[in-house]
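Q:
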Amino acid sequence: MSQYPQRIIPIVIKKIDDAHAIWFKNSKTFVLFEEPAFEVFRQYAKGIEIPSIKSICINKYAHLEKNIPQFVDEIIDRINFCNNLENEDLISTKYNIQTEEFSFRSFSKITYLMGEWLTISYGNKYLKQLIHPLFAAFEKEMKQDSENLIELFETNKHLIFKYKGSVTGVFKPGDLVFFKGAVLKLIYSIIYKRSFDYWMMTLHSSGVIRNNKAVLFSGSAGSGKSTLAALLQANGYEVLSDDFIAVGPDGCVNSFPAAISVKTSALNVLTKYYPDLLENPGENVFNRKGVRYLQIQNLSENRKASINVKAFVFVKFVTFNNLVLKELDKKKAIELLLKEAWVKPEPDNVSKFFGWIEHIRFYQLHYSESNQAIKFVEKLFLA
Numbered sequence: 075m076s077q078y079p080q081r082i083i084p085i086v087i088k089k090i091d092d093a094h095a096i097w098f099k100n101s102k103t104f105v106l107f108e109e110p111a112f113e114v115f116r117q118y119a120k121g122i123e124i125p126s127i128k129s130i131c132i133n134k135y136a137h138l139e140k141n142i143p144q145f146v147d148e149i150i151d152r153i154n155f156c157n158n159l160e161n162e163d164l165i166s167t168k169y170n171i172q173t174e175e176f177s178f179r180s181f182s183k184i185t186y187l188m189g190e191w192l193t194i195s196y197g198n199k200y201l202k203q204l205i206h207p208l209f210a211a212f213e214k215e216m217k218q219d220s221e222n223l224i225e226l227f228e229t230n231k232h233l234i235f236k237y238k239g240s241v242t243g244v245f246k247p248g249d250l251v252f253f254k255g256a257v258l259k260l261i262y263s264i265i266y267k268r269s270f271d272y273w274m275m276t277l278h279s280s281g282v283i284r285n286n287k288a289v290l291f292s293g294s295a296g297s298g299k300s301t302l303a304a305l306l307q308a309n310g311y312e313v314l315s316d317d318f319i320a321v322g323p324d325g326c327v328n329s330f331p332a333a334i335s336v337k338t339s340a341l342n343v344l345t346k347y348y349p350d351l352l353e354n355p356g357e358n359v360f361n362r363k364g365v366r367y368l369q370i371q372n373l374s375e376n377r378k379a380s381i382n383v384k385a386f387v388f389v390k391f392v393t394f395n396n397l398v399l400k401e402l403d404k405k406k407a408i409e410l411l412l413k414e415a416w417v418k419p420e421p422d423n424v425s426k427f428f429g430w431i432e433h434i435r436f437y438q439l440h441y442s443e444s445n446q447a448i449k450f451v452e453k454l455f456l457a
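Next comes the structure, spelled out in structure tokens:
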């Protein structure tokens, strides 16, 4: 960890190829600086005055940047922004919120058995729609609640979840994705008997397992990562998870039994392997119509074992026949990864995250033919 007492709150810096990844503690954000931006950062952090920084950069980098003074001002503005901005995605549970003021009535209460018993109480049908379809196959009849009781409810101002009676997370109504991710992380923690804060990071990713090794797939919504996981399951692979993966402090991953979400656009590819999907009318999940859920199969008996990550693939399904397949350098990899990851915002943990990146091979895959993608993944496991 690097500390800059003059101007910069303690941060973590990691050299990645010809750039530096910087984590700012205040805003809990990452920045990737190449030269001459990193030179500006280095001088500013030392307490060098801005006119002097501009002179230094003019002497060293005038051949790279046409307007050095403006460039320096822009980089310093960005540094100050990252150094001072409070991260408001998650309202801290220390936030003074009196949950007893709210009249919380359970809309639906369901108990599940996923290696561990847990009960989820949903405050309304929308919150149930957000979580229940992922675990519907594990629903069990039980006369009383499990001791692992999760309560999900919302008010006009907040999305809230409680665990064993205590508030665990409070989110703004617009942060539904963050809320869902935190609930899934809690379920992960219950299944593996870990604390809620145990995990190094969570990923918007799917993945498959073979021979106790995992290959992960990530990409924006609709990129085809879930479709690829379902195709690989049909070809004998064990699905690690669909859409959400928690990574432990040792860099290993654990399987998660949430169902694979199948969009209407993927049916023509997947019904060849899963004809029952056509019998399911699908559900309208918020802004997505006709989503179907495919239960994970091929689960090994050693499902709770920690799995080493062999490779990480940024995947995208394209409608035209244009196969793109290449290994990525670390600089490009971290740029893409940080769009799909939440890293626990603690300096020591961020250092572990940077170390994890060093030991993982990253790839980019654009495919239009299923067999292309399957063959590529086979090669990754054999490498």
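Going by this note's numbering, the residue at position 157 of the sequence shown is 231; the numbering climbs one at a time, nothing skipped.
A virtual CB, placed ideally from N, CA and C, is assigned to each residue, including glycine.
None of the values given here were measured: they were computed from a predicted structure.
1) At which residues does the beta strand (DSSP E) containing Ala136 begin and terminate?
2) Taking 7 Å as the cut-off, decide whether the C-beta atoms of Gly293 and Lys287 are in contact.
3) Reducing DSSP to helix, strand and coil, say where Thr299 ends up.
4) What residue range does the alpha helix (DSSP H) around Ala111 cover?
5) Run through DSSP, which three-state label would Leu208 get?
6) Buried or exposed: which applies to Glu162, given that a residue is buried once 16 or more other Cβ atoms fall within 10 Å of its Cβ?
7) Comparing C-alpha positions only, which one of Lys102, Ile82, Ile149, Ala111 sits nearest to Gly121?
8) Determine which residues share a DSSP beta bridge with Asn286 and list them.
9) Using alpha carbons as the reference points, say which of Arg116, Gly364, Tyr196, Val424 lies closest to Thr229.
10) Using a threshold of 7 Å, state whether the C-beta atoms of Thr393 and Gly364 are closer than that.
11) Compute the distance between the beta-carbons of Lys214 and Thr193, then report whether it is under 7 Å.
12) Among the residues of its own chain, which have a CB less than 7 Å from the CB of Pro143, if the five just before and after it don't count?
13) Which of the three DSSP states is assigned to Gly189 in this structure?
14) According to the Cβ coordinates, are Asp266 and Asn328 closer than 7 Å?
15) Nearest to Ser240 by CA position, among Tyr262, Phe270, Met216, Lys217, is which residue?
16) Measure the Cβ-Cβ separation of Ala320 and Tyr262 and say whether it is below 7 Å.
17) On the three-state DSSP scale, how would you describe Ala340?
A: In this structure, then:
1) Premise fails: Ala136 is in no beta strand (DSSP E) and is neither H nor E.
2) no
3) The amino acid at residue 299 is misidentified as Thr; the sequence shows Lys. Lys299 falls in the helix class under three-state DSSP.
4) 111-120
5) helix
6) Any reading at Glu162 needs caution, since the residue's pLDDT is 45, under 50, leaving its predicted position unreliable; the model's value is listed next. By the neighbour-count rule (16 or more Cβ atoms within 10 Å), Glu162 is not buried but exposed.
7) Ile82
8) Beta-bridge pairing links Asn286 to no other residue.
9) Tyr196
10) no
11) no
12) Lys128
13) coil
14) Residue identity check: residue 266 is Tyr in the sequence provided, not Asp. Yes, the Cβ-Cβ distance between Tyr266 and Asn328 is below 7 Å.
15) Phe270
16) yes
17) helix
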